[in-house]
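One structure below.
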Amino acid sequence: MAGTEYEHIPYQPERLSHEETLSRGRAFYASMDERRSVRFFTDAPVPREAIELAIKTASTAPSGAHRQPWTFVVISDPEIKKQIRIEAEEEERKSYEGGRMPPDWIEALAPLGTDWRKPYLETVPYIVVQFEQITGFDGDGNPQKNYYVRESCGIAAGMFIAALHQMGLSTLTHTPSPMGFLSKILGRPKNERPFILFPVGYPTADATVPDIARKPLDRVSIWDPKPAEK
Ligand code: IYR
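Residue 182 in numbering that gives the first Met the number 0 sits at position 183 of the sequence shown, with consecutive numbering throughout.
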């Protein structure tokens, strides 16, 4: 049966002059362009509220049928972090050195210098694991299908990363594969699947990142293309 339609309320986002539009856009881009994925973290504490704010920001993401099909699981307990490191490294070792990653994948990653070792999983003050809710529950607690779950979770993940960066915090989109062990360690229900693991903290004083460039605008966008020939 169709649900009751939401009431509509007036909405007007702040209307800016073109000058102000561009000045804000440039400032936001310049800030986001400074963001890098970090693999060398300290154990310096991060305020709990910063994690809460990043999760609240992520939860402002648009989602299929407004189901917000995500759960952010926050881990600060050193014992659980250690367990996650042990199991992630076990899986990653099988991938990198046990032949589970095909040669083309190993080759694609070689310039980035990643390997199976994930010491930062124990060092960081917080690990946040985003779970995707394959199905959800309606108001009466009955299972209910979700829609565009991956798209919704991907958007929320991007907003989570942006929020952390705006607060001067660093993270990494870590996807130990397969990630099933996270459901067990974190006691998550069957309707949820691990989506991305985010170590969150501050980089070490001697942290480095690969010297890579981002594709220029003309390689990531096409304006007013012609229709395909019939
Ligand atoms: N999950 C592995 C492998 C890995 C895969 C991709 I694609 C990367 O961009 C980086 C790493 C790991 O986390 O090391």
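Even for Gly, the Cβ is constructed at its ideal location relative to N, Cα and C.
Computed from a predicted model, the values in this text were never measured in an experiment.
In this structure, ligand 1 has no non-hydrogen atom nearer than 6 Å to the beta-carbon of S36. Annotated three-state conformation of I126 is strand, per DSSP. Within the model, the alpha-carbon separation for F71 versus S30 is close to 25 Å.
For Q11, there is no enclosing alpha helix (DSSP H), since its DSSP letter is neither H nor E. For the pair G112 and E131, the Cα-to-Cα distance works out to about 29 Å. Annotated three-state conformation of S220 is coil, per DSSP. Counting of Cβ neighbours within 10 angstroms places W69 among the buried residues, the total reaching 16 or more.
Shown here for D32: not one same chain residue has a beta carbon closer than 6 Å to its own, the five before and five after excluded. Remark: C-beta atoms of A60 and M158 approach each other more closely than 7 Å. Ordered by chain, the residues meeting the criterion of a beta-carbon within less than 6 Å of a non-hydrogen atom of ligand 1 are E91, L108, T113, H173, T174, P175 and S176. Closest by C-alpha distance to I160, out of D205, L171 and R213, is L171. If you draw a 10 Å sphere on the C-beta of I211, you find fewer than 16 other C-beta atoms in it, and that means exposed. If you draw a straight line from the Cα of Q143 to the Cα of H17, it comes to about 44 Å. In chain order, R84, A87, E88, E91, H173 and P175 place their CB closer than 8 Å to the CB of K117, counting only its own chain and leaving out the 5 sequence neighbours on each side. Bounds of any beta strand (DSSP E) do not take in R47; it lies within the alpha helix (DSSP H) bounded by R47 to A57. Approximately 6 Å separates the beta-carbon atoms of I50 and Y125; this is inside 8 Å, confirming the contact. Within the same chain, L171 come within 6 Å of S36 by CB-CB distance, once the 5 residues on both sides are set aside. DSSP places F180 inside the alpha helix (DSSP H), whose first and last residues are G179 to I184.
D205 has its alpha-carbon roughly 8 Å from the corresponding atom of F39. The beta-bridge partner set that DSSP reports for G200 consists of S169. Looking at T20, K55, H65 and T56, the one whose alpha-carbon comes closest to that of E4 is H65.
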